[in-house]
Amino acid sequence: MLVTVVTLFPEMFPGPLVYSLLGKKLGTIWDLKTVNIRDFADNIWHKVDDTPYGGGAGMVIKPNIVHDALTYAISMYNDITPTIVYMTPRGKVFNNNVAKGILNNNGLIILCGRYEGIDQRVIDFWKTNHNLIEISIGDYVLFGGEIPAMVLIETCLRFIPGIMHNPESVNDESFSIDLLEYSQYTKPAIWYGNSVPSVLLSGNHLEIAKWRTNQAKQITKEVRPDLWEKYLKNNL
Ligand code: ADE
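In our numbering, the protein residues as written are 913 to 1148.
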């Protein structure tokens, strides 16, 4: 699985992605490349942006430069068709289900914007001709798409067989069945006078499973009523 990040700040990668299990599998199960948008600048000053038509604050990245960078990125995949994602607060909101939809074994190209954005014409062109999809990691605005790209990469790759030591844990954790995960405890059994729930020490696996399900329901109801509604709808 080759992931290519098209960015003005390639030095930000792999960054935090080399820690955890993902880093251990980098170079075997998955690979990461970066394409520096600035390398495709059409002028001797390596300038990639210009003022927005219609006025307003900030600068907009020019379409021809992004187009050339994406064309170069896609050329690295030979006969494979990678999924192409543009990280933008205007995109579809990301979650585990969106992550599973993005994943195919062919590869992934992620375009990161900066400044006020990228000229819409190049986004539209890649939508029409290469099925580019726009994704947001949430209703807030960051300075650029690089941190969102890292969020997307880590989330997607955790679903790839061979990444996790224990594939069960992907199915067991928060959101996998529209519930947040139950609380976890480890040794010591008593800490500052607080005991671990006794059922967890009972060795009764059926009771433990029941307790965990109830706990997951309770916490979801309390913290995420929207998710709880969804769970009720899907589990009637
Ligand atoms: N770029 C800036 N903010 C973003 C967000 N919330 N999601 C994706 N890309 C972004």
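C-beta atoms are modelled at their ideal positions from N, C-alpha and C, and glycine is treated no differently.
Leaving aside the five residues before and after residue i along the sequence, list all residues of the same chain whose C-beta is less than 7 Å from its C-beta, in chain order.
i, result
"residue 1031", "972, 973, 974, 975"
"residue 1038", "982, 996, 1044"
"residue 993", "1018"
"residue 1122", "none"
"residue 938", "926, 930, 944"
"residue 1131", "1092"
"residue 954", "976, 977"
"residue 1066", "929, 934"
Assign residue i to one of three DSSP states: helix, strand, or coil.
i, result
"residue 1004", "strand"
"residue 961", "strand"
"residue 1147", "coil"
"residue 1082", "helix"
"residue 946", "strand"
"residue 1010", "helix"
"residue 939", "coil"
"residue 1111", "helix"
"residue 917", "strand"
"residue 953", "coil"
"residue 1087", "coil"
"residue 1117", "helix"
"residue 1077", "coil"
"residue 982", "helix"
"residue 1127", "helix"
"residue 902", "Because the chain in this structure spans residues 913 to 1148, residue 902 falls outside the shown range and cannot be described."
Quick one, are the C-beta atoms of residue i and residue j less than 7 Å apart?
i, j, result
"residue 982", "residue 943", "no"
"residue 1046", "residue 984", "no"
"residue 996", "residue 1044", "yes"
"residue 1049", "residue 1063", "yes"
"residue 934", "residue 1139", "no"
"residue 1142", "residue 1084", "no"
"residue 1102", "residue 1111", "no"
"residue 1008", "residue 952", "no"
"residue 956", "residue 1074", "no"
"residue 1108", "residue 1097", "yes"
What residues match up with residue i in a beta bridge as DSSP calls it?
i, result
"residue 998", "1023, 1046"
"residue 1030", "973"
"residue 1103", "1106"
"residue 927", "DSSP lists no partner for residue 927."
"residue 1056", "1026"
With a threshold of 6 Å on Cβ separation, who are the neighbours of residue i within its own chain once the five nearest residues in sequence on each side are excluded?
i, result
"residue 1094", "1124, 1127, 1128"
"residue 978", "1030, 1034"
"residue 1057", "999, 1024, 1025"
Got a sec? Which residues, its chain only, sit under 8 Å from residue i by beta carbon, not counting five neighbours each side?
i, result
"residue 918", "946, 947, 949, 978, 981, 982, 985, 1021, 1022, 1023, 1024"
"residue 1028", "964, 968, 969, 970, 971, 972"
"residue 1004", "1010, 1045, 1046, 1047, 1048"
"residue 1002", "1046, 1048"
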